[in-house]
Amino acid sequence: MTTQFPDGFLWGTATAAHQVEGGNVNNDHWEMEHAPHSPFVESSGDACDSWNRWEEDLDLVAGAGLNTYRFSLEWSRIEPEEGEVSRAALDHYRRIVDGCRDRGLTPIATLVHFTMPRWLMHDGGWTGPKTGDRIARFTELALPAVKDAAYVATINEPNLMAVQPVIGGMARRGEEIKGLPVPDQAVSEALIGLHHRSTEVLRGAGSPPTGMTLVGIEYIDEGGGAEPLQAARTAMMDQFLTAAAGDDWVGLQIYTAQRFGPDGLIAPPADRQTLAHGMERRPEALGAAINHAASVLPDTPLLVTENGIATADDADRIAFTTDALRGLAAAIEAGADVRGYVHWSLLDNFEWMLGFAPTFGLVAVDRETFVRTPKPSLAWLGEVAKRNGLA
Ligand code: BGC
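Residue numbers 261 to 651, in the working numbering, belong to the letters of the sequence shown in order.
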């Protein structure tokens, strides 16, 4: 069965600054990675050295036949101390946008992908009273770097960022963490506010189409779970999708499902494979979460800005992605306005608290030499892109 995608569909792969650049010593994550009793299993260190090797990275993306690259800016490099601006760092990101264009790649730039400068962490963080003004100023600084991107995302996964403090509290109290708990409401509202502040600046400057990227989940009722399911979906998805209603587009990043019974979240059935990062292997989640987003926001273009699998078995990455793309094609067929598919990730990289062990990459990276070795899945996804469909 052939599965074709709409004309002009974007096919790409993504990275995020802190996970690939290396040497981001000036952000909150570096500090958390090095704190006593840090929950991070290792430091991001040199990561993939993409700060220096970004051209090689873009060559890999374009060489495979993909047409899109998503990357993020690192605020702590652009504004290492409050009000002190690194023109060199801004230039660096501007060159990445130009480098994409030179290679025929559509650039998607994310302004904030989880990390913040240390000075911000120590003076209010995401919920601080001055953070709205500060993100507005950072967005203004970033404008010249991203003005030729095709899409700009303000904040990556604010809905997941709002879950993190809840998980932190549960871990401190020694409670069992069965899956993603419901996000902290105050943090959710603060991040939505920051998204709107950043959007105002981008819009005011006539920047490229602007949105935010949200983690998307398939919600499954295993019987009697409708109520907790609805509560979780409202807090995690619907309030963020509704907040995105005026945006030019919305990014969805879909990896897995959550299952509910009468008492809330339940573990996946035992025959369901769990992946290196503890999530259920669930390619069907892509189509399901897109269908839901399209039902809440029927008039807003959607982009899959992340989807992928942490596995050492590259053949399974291809099998997983094939199934996920079939679900995506069905959602488009059913009416969802999806403009592209961006796979997570180009490189095996720093998977946050779990360090470098989970491998999401289409390309392996030698941890000492940084030599990149494409896996068969890179060429496979490139072929899908060239065909604009599955074989
Ligand atoms: C994040 C990425 C992360 C990926 C896999 C997403 O939540 O945006 O930074 O590496 O999921 O866990």
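C-beta: ideal position from N, C-alpha, C; glycine also. Note that the structure is predicted; figures quoted are calculated from it, not measured.
query	result
Element boundaries [alpha helix (DSSP H), containing Asp358]	347-362
Coil, strand or helix - Thr502 by DSSP	helix
Distance, Ala369 Cα to Thr470 Cα	10 Å
Thr560 beta carbon less than 9 Å from that of Leu504	For the sequence presented, residue 504 should be read as Ala rather than Leu. Yes, Cβ-Cβ distance for Ala504 and Thr560 is below 9 Å.
Cβ-based burial, Gly282 [other Cβ within 10 Å; buried from 16]	buried
Residues bridged to Asn416 (per DSSP)	Thr473
Residue span of the alpha helix (DSSP H) that contains Thr399, given as start and end	391-406
Pairwise C-alpha distance: Glu334 and Arg378	12 Å
Sub-9 Å separation of Pro652 and Phe331 beta-carbons	Since the first residue shown for the chain is 261 and the last is 651, residue 652 is missing from the structure and cannot be characterised.
For Lys407 and Val461, the rounded distance between their alpha carbons	12 Å
Meets three-Cβ-pair contact criterion under 8 Å: the region 539-555 and the region 633-645	no
Cβ neighbour criterion (16 or more within 10 Å) applied to Pro296	exposed
CB of Phe630 within 9 Å of CB of Gln279, strictly	no
Simplified DSSP state of Val623, which is helix, strand or coil	strand
Anticipated Cβ contact below 8 Å, Ala410 with Asp444, distance rounded	Incorrect: roughly 33 Å between the Cβ atoms, too far for contact.
CA nearest to the CA of Ile514, picked from Gln490, Gly483, Tyr479, Pro389	Tyr479
Inter-residue spacing [alpha-carbon to alpha-carbon] between Ile569 and Ala348	35 Å
Cβ-Cβ distance between Gln264 and Asn648 below 9 Å	yes
Assumed close pair Tyr329, Leu365 - CB separation to whole angstroms, cut-off 8 Å	5 Å
beta-carbon Gln279 near the ligand BGC non-hydrogen atom, thresh 8 Å	yes
Sheet register partners of Trp604 (DSSP bridge)	Ala274
Residues sharing a beta bridge with Leu562, DSSP	Val510, Val598
Glu316, DSSP secondary structure in three states	helix
Bridge partners - Glu341, DSSP secondary structure assignment	Glu344
Any non-hydrogen atom of the ligand BGC closer than 8 Å to Phe620 Cβ	yes
Length of the line joining the Cα atoms of Leu588 and Ala645	14 Å
C-beta atoms of Arg363 and Asp319 nearer than 9 Å	yes
Cross-strand partners of Glu698 (DSSP beta bridge)	The displayed coordinates of the chain run from 261 to 651. Any statement about residue 698 would go beyond what the structure contains.
Beta-carbon gap between Met496 and Ile477 smaller than 9 Å	yes
Gly524 - partner residues in DSSP beta bridges	Gly521
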